[in-house]
Amino acid sequence: MVVDRTVPGVIYVVGLGPGSMDYLPLKAYRLLKAGMKVFFRTEKAAPPELLREITWQSFDHLYEEFSTFEEVYREIVNVLLRERQKGDLVYAVPGNPLVAEKTVELLLEQHEVPVEVVTAPGALELALTSLKIDPAKDPYKVLDALTVTAWDFSKSATNIIFQVYDRLIAGNLKILLMERYPDDYPVLVLRDLGLPGEKVEKVPLFELDRREFDHKVLVVVPKMREEIFSVEKLGEIMEVLRGEQGCPWDREQTHRSLLPYVLEEAYEVAEAIEEEDPEKLKEELGDLLLQVVFHAQIAREEGEFTFKEVVEGICEKLIRRHPHVFASVEVDDSEEVKINWEMIKQQEKGKKSVIEGVAKTLPALKKAQKVGEKAAKVGFDWEKAEEVFAKIEEELEELRASLKEGTSRQEEELGDLLFSVVNLARKLGLEAEEALNKTTSKFVKRFMKMEEMVKERGQNLQDLTLSELDELWNKAKNH
Numbered sequence: 324m325v326v327d328r329t330v331p332g333v334i335y336v337v338g339l340g341p342g343s344m345d346y347l348p349l350k351a352y353r354l355l356k357a358g359m360k361v362f363f364r365t366e367k368a369a370p371p372e373l374l375r376e377i378t379w380q381s382f383d384h385l386y387e388e389f390s391t392f393e394e395v396y397r398e399i400v401n402v403l404l405r406e407r408q409k410g411d412l413v414y415a416v417p418g419n420p421l422v423a424e425k426t427v428e429l430l431l432e433q434h435e436v437p438v439e440v441v442t443a444p445g446a447l448e449l450a451l452t453s454l455k456i457d458p459a460k461d462p463y464k465v466l467d468a469l470t471v472t473a474w475d476f477s478k479s480a481t482n483i484i485f486q487v488y489d490r491l492i493a494g495n496l497k498i499l500l501m502e503r504y505p506d507d508y509p510v511l512v513l514r515d516l517g518l519p520g521e522k523v524e525k526v527p528l529f530e531l532d533r534r535e536f537d538h539k540v541l542v543v544v545p546k547m548r549e550e551i552f553s554v555e556k557l558g559e560i561m562e563v564l565r566g567e568q569g570c571p572w573d574r575e576q577t578h579r580s581l582l583p584y585v586l587e588e589a590y591e592v593a594e595a596i597e598e599e600d601p602e603k604l605k606e607e608l609g610d611l612l613l614q615v616v617f618h619a620q621i622a623r624e625e626g627e628f629t630f631k632e633v634v635e636g637i638c639e640k641l642i643r644r645h646p647h648v649f650a651s652v653e654v655d656d657s658e659e660v661k662i663n664w665e666m667i668k669q670q671e672k673g674k675k676s677v678i679e680g681v682a683k684t685l686p687a688l689k690k691a692q693k694v695g696e697k698a699a700k701v702g703f704d705w706e707k708a709e710e711v712f713a714k715i716e717e718e719l720e721e722l723r724a725s726l727k728e729g730t731s732r733q734e735e736e737l738g739d740l741l742f743s744v745v746n747l748a749r750k751l752g753l754e755a756e757e758a759l760n761k762t763t764s765k766f767v768k769r770f771m772k773m774e775e776m777v778k779e780r781g782q783n784l785q786d787l788t789l790s791e792l793d794e795l796w797n798k799a800k801n802h
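My numbering runs 323 ahead of the 1-based position in the sequence shown.
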């Protein structure tokens, strides 16, 4: 094959397929035989007869010299870029160069470098063929065992997992899969695809890491046959409920009509947290999630936004507001994180006031504490908690005066007193809303105990004098 050398320094990336001459494309073979320098990412992936026909070098030694794959891949690219200065070269990689090949991805990012890619059947194509999966009809997902998380797996699709080349990686993969699938769920171990010894073995998930692994092994997790419940499925259910053949009540709802339910579900989540009841919390979080999906479906029908846009928005916001994690900003502690968070929020929304953005529908105590916190961030605050007591005394005296005068200022003065008490809670590092809620719950518990004691006596609360009620109250406090 005559290579066009009018453009010096071309990197020809060729795929080796499964490592058999039967799958090596003719164009790739001609390039490998053209007399250029040839580099294999790993000689293990090359057909043995090909290695005997040409002069070559491999990068296998780099896997011993560097501690991470990222370092290995970057060094391979650096070497190729240096060698390119001397003339055209061929870089051969396992399978299809455009599927799950990080070095090729890094090379293609060098836009000023001429790179020509010659594809070959990769492990993915061979796996789809072996499993008789039609990509146009059957959903599948390609994953890397070195970077996968439990939430990357899709139960409604076939998961094809690369880079499971030793038992340690297989063991870690098994643990992740067990977070989402039954321990005995059948998984497939595909070995030597496209080679004479090709083998597909079905094993229960808990036995996955008891097999032998090498670079020619893939793990496949078939899609679940039973109905899959996911966030997407929840959206589909809500769409049906809101449809013509759905539920009349669900179809009638609007953003405004659902407002009480959003608040109610949020409070029930808080109650489950307060009670430290995981099962109840799981259920209440589901009810709250339903409200999110319900509003997103209404918005979709009205052409306002979609659930996907809701998710995209919060993902972008989290990344934007955590520059110390996703960018180069450095912080010393969590307090500095909070300061940065508020600054970014104010820049995002172009707020003119530091206390803008406090939700008007928050419970009064929570709203008051939020406003106090925002004012304190710019220095408008007492230095010590002790100073707030004086303010409380002042507001208490003004309330007493309004009572004596019989003026219409009583509500205003009571509000001032409550606001000062909330500020005291803030200075003490307490949540006023939570403190009052706990006290109210304590009152309810004791009052119900009083009712129980009165019932045991065969009496009614209404029939008792105040002193008798006080006596019962003191007894209830001791229970």
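We put the beta carbon where it would ideally sit given N, CA and C, even for glycine.
Residue(s) in a DSSP beta bridge with residue i
i	result
Thr481	Tyr463
Thr509	Correcting the residue type first, residue 509 is Pro in the shown sequence and not Thr. DSSP output for Pro509 lists Pro527 as bridge partner(s).
Leu541	Leu513
Lys522	Arg514
Residue i (DSSP reduced to helix, strand or coil)
i	result
Glu653	coil
Pro437	coil
Lys707	coil
Lys798	helix
Lys631	helix
His578	coil
His645	coil
Gly680	coil
Phe476	coil
Gly494	helix
Thr452	helix
Asp600	coil
Lys640	helix
Glu624	helix
Pro583	helix
Ala713	helix
Gly558	helix
Val446	For clarity, residue 446 is Ala in the given sequence; the question names Val instead. Helix, per DSSP.
Arg533	helix
Lys693	helix
Lys605	helix
Arg397	helix
Phe617	helix
Met501	helix
Buried/exposed call for residue i, threshold 16 Cβ in 10 Å
i	result
Ser580	exposed
Arg749	buried
Ala682	exposed
Met561	buried
Glu718	buried
Arg407	buried
Gly410	exposed
Tyr807	Residue coverage of the chain in this structure runs from 324 to 802, which leaves residue 807 outside it and unanswerable.
Tyr386	exposed
Ser790	exposed
Thr391	exposed
Leu688	buried
Gly520	exposed
Phe649	exposed
Ala736	Rather than Ala, the amino acid found at residue 736 in this sequence is Glu. Answer is buried; the Cβ neighbour count reaches 16.
Ile399	buried
Ala691	buried
Gly702	exposed
Tyr620	Position check: residue 620 holds Gln in this sequence, whereas Tyr was assumed. Classification for Gln620: buried.
Thr788	exposed
His618	buried
Arg364	buried
Lys800	exposed
Uninterrupted alpha helix (DSSP H) stretches inside the region 325 to 391 (no shorter than 4 residues): For the region 325 to 391, the full-length alpha helix (DSSP H) segments reaching 4 residues or more read 349 to 355, 371 to 376, 385 to 388 along the chain.
Those runs of the alpha helix (DSSP H) which lie wholly inside the region 401 to 432 and span at least 4 residues: Within the region 401 to 432, the complete alpha helix (DSSP H) runs of at least 4 residues fall at 425 to 431.
Sufficient close CB pairs (3 or more, under 8 Å) joining the region 739 to 751 to the region 781 to 794: Output reads no: the region 781 to 794 does not touch the region 739 to 751.
The region 337 to 348 touching the region 418 to 429, judged by at least three CB pairs closer than 8 Å: Taking a cut-off of 8 Å for Cβ pairs, the region 337 to 348 and the region 418 to 429 touch, as three or more such pairs fall below it.
Cβ pair count under 8 Å reaching 3, the region 487 to 505 against the region 526 to 535: Between the region 487 to 505 and the region 526 to 535, the count of Cβ pairs shorter than 8 Å is three or higher; the stretches touch.
Inter-stretch contact at 8 Å, needing at least 3 Cβ pairs: the region 432 to 443 / the region 355 to 370: With a cut-off of 8 Å on Cβ pairs, the region 432 to 443 is not in contact with the region 355 to 370, counting fewer than three such pairs.
Length-filtered (3 minimum) beta strand (DSSP E) runs lying within the region 724 to 797: If one requires a minimum length of 3 residues, no beta strand (DSSP E) run lies completely within the region 724 to 797.
Stretch-stretch touch, CB-based, cutoff 8 Å, three pairs: the region 473 to 492 with the region 441 to 458: A contact exists between the region 473 to 492 and the region 441 to 458.
Three CB pairs or more closer than 8 Å across the region 536 to 547 and the region 505 to 515: With a cut-off of 8 Å, the region 505 to 515 and the region 536 to 547 count as touching, because enough Cβ pairs lie within range.
At least 3 beta-carbon pairs within less than 8 Å: the region 749 to 767 vs the region 684 to 699: Touching, yes, given that three or more Cβ pairs across the two stretches are closer than 8 Å.
Segment contact flag, the region 595 to 611 with the region 561 to 570, C-beta cutoff 8 Å, min 3 pairs: Cβ pair count under 8 Å is below three, so no.
Validate contact between the region 792 to 800 and the region 768 to 776 using beta carbons, cut 8 Å, 3 pairs: Under the Cβ criterion (8 Å, minimum of three pairs), the region 792 to 800 counts as touching the region 768 to 776.
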